[in-house]
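Read the structure below first, then the notes.
Residue numbers (the numbering used here): 1 to 244.
This is the structure we're talking about:
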């Protein structure tokens with residue numbers, strides 16, 4: 001009776017085991033004898049216990065390995081995402097960099113073509129930025145760049161994109177525009193957002209910005225054409241400011 005109870009417990013324990021552990025045994029074996037109603041011998045039960053214990057150890061090891069593999073895959077995905085973000089974002093300001101700007105602008109151009117809409121590209125240059133670096137140091141210049149980035153982010157629509165183009169230059173992309181007048185309104189809004197004085201290293205610094213604008217499709221059909229035209233317009237705006 002004791003042997004029968006032990007066998008019942010073994011059978012119950014193996015119900016959740018993979019099929020590989022529960023292969024049908026040929027007649028004349030332990031399983032065959034049990035199927036015929038014969039009682040198992042003690043040595044047969046002991047052998048089955050040993051096999052079951054070994055199988056359970058293998059399953060436990062496999063489960064641990066699966067957990068480790070899942071963790072490694074999750075870490076690899078996290079590292080890949082971090083590397084991609086680092087490659088596409090400006091470290092100082094947290095804005096998209098030139099690489100991501102190109103990708104987004106090309107996507108917006110394709111969308112605007114299908115929807116028959118306009119896209120405005122604003123190239124912004126900070127007037128007098130060099131003097132901030134020269135008089136207050138590069139740390140103050142970095143502080144100013146971060147403040148400009150924060151203001152741009154705050155004053156733009158959710159669908160707009162602000163990027164740091166390089167140095168003290170920023171690019172703003174405005175999609176879904178219905179007219180050139182809408183672009184002019186956006187330029188005035190950005191200019192007003194940036195012209196309020198900045199407090200840098202405890203000093204109030206008035207900073208102005210020269211802004212050039214190019215419109216897709218009128219001023220260019222491709223990324224480089226729009227950037228070049230916006231750059232040309234920015235220098236024209238800077239020249240007009242100097243003449244005032």
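Backbone N, C-alpha and C define an ideal beta-carbon position, used for all residues, glycine too.
*What first and last residue would you give for the beta strand (DSSP E) that runs through residue 171?*
Here residue 171 is taken as the residue at index 171 of the chain shown, counted from 1. Residue 171 -> beta strand (DSSP E) spans 169 to 177.
*Which same chain residues, not among the five before or five after residue 155, have their C-beta less than 7 Å away from its C-beta?*
For the purposes of this step, residue 155 is taken as the residue at position 155 of the chain shown. Hits under 7 Å: 189, 190 and 193.
*State the DSSP-derived secondary structure class of residue 92, mapped to helix, strand or coil.*
Taking the first residue of the chain shown as 1, we reach residue 92 at position 92. Residue state, collapsed to three classes: coil.
*Thinking C-beta only, is residue 101 closer than 7 Å to residue 163?*
For this step, residue 163 is matched to residue 163 along the chain shown. For this step, residue 101 is matched to residue 101 along the chain shown. Yes, they are a contact pair.
*Quick one: give me the first and last residue of the beta strand (DSSP E) that residue 204 is part of.*
Position 204 of the chain shown, counting from 1, holds the residue named residue 204. Residues 203 to 205.
*Would the beta-carbon of residue 214 fall within 7 Å of that of residue 121?*
Here the question's residue 214 lines up with position 214 in the chain shown. Here the question's residue 121 lines up with position 121 in the chain shown. In contact: residue 214 and residue 121 (Cβ atoms closer than 7 Å).
*Looking at the C-beta of residue 128, does it have a partner C-beta in chain C at a distance below 7 Å?*
Although the question refers to chain C, the structure presented lacks it and comprises just one protein chain.
*According to the neighbour-count rule (16 or more other Cβ atoms, all chains shown, within 10 Å of its Cβ), is residue 206 buried or exposed?*
As a first step, residue 206 is located in the chain shown; it is residue number 206 there, counting from the start. Classification of residue 206: exposed, given that the 10 Å Cβ count is below 16.
*Just how far apart, CA to CA, sit residue 51 and residue 76?*
The residue given as residue 51 occupies position 51 in the chain shown. The residue given as residue 76 occupies position 76 in the chain shown. Spanning the two alpha carbons is a distance of roughly 37 Å.
*Paired residues, beta bridge with residue 200 - DSSP*: Here the question's residue 200 lines up with position 200 in the chain shown. DSSP lists 203 as partners of residue 200.
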